């Protein structure tokens with residue numbers, strides 16, 4: 001790996017060098033997430049007007065939409081790092097993917113629950129088998145599959161590579177799955193209202209949603225950076241440099 | 251590939267078991283929901299497709315397991331022939347012993363659910379195009395989970411989400427015909443899926459096999 | 465929407481159950497994740513440091 005580490009970018013690619021960077025970044029992203037969340041909640045719960053059609057029930061979208069966006073975005077990022085880990089055979093990229101998965105799954109579950117909570121008042125049923133929610137459910141299975149495969153393989157490098165292949169195969173299939181579910185939905189429900197068609201957005205609603213989305217993004221980064229530190233320590237604990245890096249008091 | 255085929259055909263018992271599994275699963279549904287004709291007609295395509303998925307899933311580990319256990323898979327990986335091609339051969343043998351009989355038998359079972367002759371042909375055609383895709387996708391999962399204790403349940407979790415589009419288009423083709431629209435769109439999509447997986451899946455499965463062997 | 469009192473805010477136009485369940489579930493999910501991740505890091509560090517302390521003193525050639 002000598003030639004690679006002479007490129008500045010790749011110097012960061014070792015778990016050892018990334019670890020202190022991750023530690024330094026966490027407080028910034030945590031603080032950012034907290035500030036954005038407070039602002040977003042203020043906008044969403046207090047400033048945004050009551051919707052004409054859905055009353056105050058629509059306020060769920062300030063959680064639901066950012067969660068759904070993050071669930072999909074995190075999967076893409078995870079798949080990206082999986083691709084990097086396979087192409088360059090680096091451990092860190094695989095560790096990043098490993099760190100992202102649980103948070104992605106969490107957001108997916110949150111999107112599903114809040115989607116159901118929104119569905120009942122808005123469309124009369126907790127679960128309507130619409131395209132977006134059904135695809136979201138399948139996305140959850142993809143996350144679980146990735147994590148289950150990792151768990152089932154004892155050798156960490158084999159786990160890295162196998163789950164990376166799985167994540168990439170999944171990523172290729174997500175658009176296909178979404179398209180097929182959408183098709184299935186139109187065939188079976190005709191011109192029914194899409195569950196996730198948002199109310200015509202007042203500016204405050206849109207801003208609130210965007211702010212919450214950024215809050216979720218910063219939160220996800222912070223959590224992932226903490227988790228990747230834990231993963232680095234777990235997997236590299238027999239390495240020489242580990243003693244020097246770790247804070248004594250924690 | 252001929253060796254795998256010969257092996258597969260020699261185990262005629264296994265062949266029969268796969269088909270029998272399919273028949274039994276399909277028969278379970280009327281037993282569960284009642285034999286009311288309109289209900290069965292409505293459920294039929296879905297049941298026949300889901301059972302095909304499950305039958306395919308059940309037989310997947312067999313693609314690699316025997317060779318993995320006796321070390322001949324490593325030999326294959328080291329041979330001069332490209333691994334994806336060799337794997338395609340194995341998948342083809344697998345399909346001929348599971349998906350193909352299933353697809354051929356399906357119209358007969360379809361009659362149990364009140365499928366018309368035309369619908370029966372459509373079912374068979376759909377399964378003929380869909381089951382190879384299932385075998386191809388399933389091979390990726392089988393390769394990824396080679397030798398793991400977690401086995402069947404894990405394989406199902408990994409593969410079933412990927413199967414969903416095939417299921418939707420396959421069963422949907424019959425629904426479409428019933429609704430008066432043509433099934434050409436679904437069939438073309440099934441064909442496209444088959445072509446895409448024919449190219450991509452052996453590559454992914456080969457990568458997965460190498461990962462498992464390292 | 466300047467809430468006419470806290471009670472009206474909490475009522476969420478009659479949809480209190482749905483709205484507040486969503487927000488509470490989100491809060492719980494986030495809290496649990498934060499606690500769990502930090503616990504995981506602490507546990508990893510503890511387990512990494514324990515044998516190191518014993519091994520690093522005589523052995524350290526860095």
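Chains as they are written, first to last, in the working numbering: chain A, 1 to 250; chain B, 251 to 464; chain C, 465 to 526.
Built from N, CA and C at the ideal position, the CB exists for glycine as well.
Given the structure is predicted, the values throughout are model-derived calculations rather than measurements.
Buried/exposed call for residue i, threshold 16 Cβ in 10 Å
i                      : result
residue 324 of chain B : exposed
residue 471 of chain C : exposed
residue 511 of chain C : exposed
residue 460 of chain B : exposed
residue 312 of chain B : buried
residue 344 of chain B : buried
residue 88 of chain A  : exposed
residue 126 of chain A : exposed
residue 259 of chain A : The requested residue 259 of chain A does not occur in the structure, where chain A is confined to residues 1 to 250.
residue 514 of chain C : exposed
residue 44 of chain A  : buried
residue 263 of chain A : Chain A is shown from 1 up to 250; residue 263 of chain A falls before or after that span and cannot be answered.
residue 238 of chain A : exposed
residue 331 of chain B : exposed
residue 173 of chain A : buried
Close-in-space but distant-in-sequence residues of the same chain around residue i (CB under 6 Å, 5 per side omitted)
i                     : result
residue 81 of chain A : 93, 96 and 97
residue 90 of chain A : 13
residue 67 of chain A : 107, 110 and 111
Contact with chain B by residue i, beta-carbon distance below 8 Å
i                      : result
residue 97 of chain A  : no
residue 239 of chain A : no
residue 176 of chain A : yes
residue 144 of chain A : yes
residue 180 of chain A : yes
residue 148 of chain A : yes
Chain A within 8 Å of residue i, Cβ atoms only
i                      : result
residue 419 of chain B : yes
residue 415 of chain B : yes
residue 501 of chain C : yes
residue 313 of chain B : no
residue 384 of chain B : no
residue 488 of chain C : no
residue 478 of chain C : yes
Chain C contact for residue i (CB, 8 Å cutoff)
i                      : result
residue 195 of chain A : Since pLDDT at residue 195 of chain A reaches only 47, below the 50 mark, its modelled position is unreliable, and no value is offered.
residue 133 of chain A : no
residue 233 of chain A : yes
residue 118 of chain A : yes
residue 203 of chain A : no
residue 221 of chain A : no
residue 311 of chain A : This structure leaves residue 311 of chain A out entirely; chain A is present only between 1 and 250.
residue 230 of chain A : yes
residue 192 of chain A : Reliability of the predicted coordinates at residue 192 of chain A is poor, the pLDDT of 44 falling under 50, and the value obtained from them is presented with this limitation in mind. No, no contact with chain C.
Beta-carbon contacts of residue i that lie in its chain and below 7 Å, excluding the five residues immediately before and after
i                      : result
residue 135 of chain A : 177, 178 and 181
residue 153 of chain A : 159 and 162
Neighbourhood of residue i by C-beta distance below 8 Å, restricted to the same chain and skipping five residues each side
i                      : result
residue 398 of chain B : 404
residue 474 of chain C : 480 and 484
residue 166 of chain A : 145, 146 and 149
residue 440 of chain B : 376, 379, 380, 383, 416, 419, 420 and 423
Where the stretch 97–114 of chain A meets chain B: residues whose CB sits under 9 Å from a CB there | Listed by position, the residues of the stretch 97–114 of chain A near chain B (Cβ gap below 9 Å) amount to none.
Return the residues of the stretch 354–381 of chain B that lie within a Cβ-Cβ distance of less than 7 Å from chain A, sorted by chain order.
-> none
Which residues, in order along the stretch 44–57 of chain A, keep a beta-carbon less than 8 Å from a beta-carbon of chain C?
-> Correct list: 45, 46, 47, 48, 49, 50, 55, 56 and 57.
Could I get the ranges of all uninterrupted alpha helix (DSSP H) runs contained in the stretch 47–128 of chain A, with 4 residues as the minimum, in chain order?
-> 61–88 and 91–123
Whole alpha helix (DSSP H) elements within the stretch 361–405 of chain B, 4-residue minimum | 367–394
Residues in the stretch 148–171 of chain A with C-beta within 9 Å of chain C's C-beta atoms, listed in sequence order?
-> Per Cβ criterion, the list is empty.
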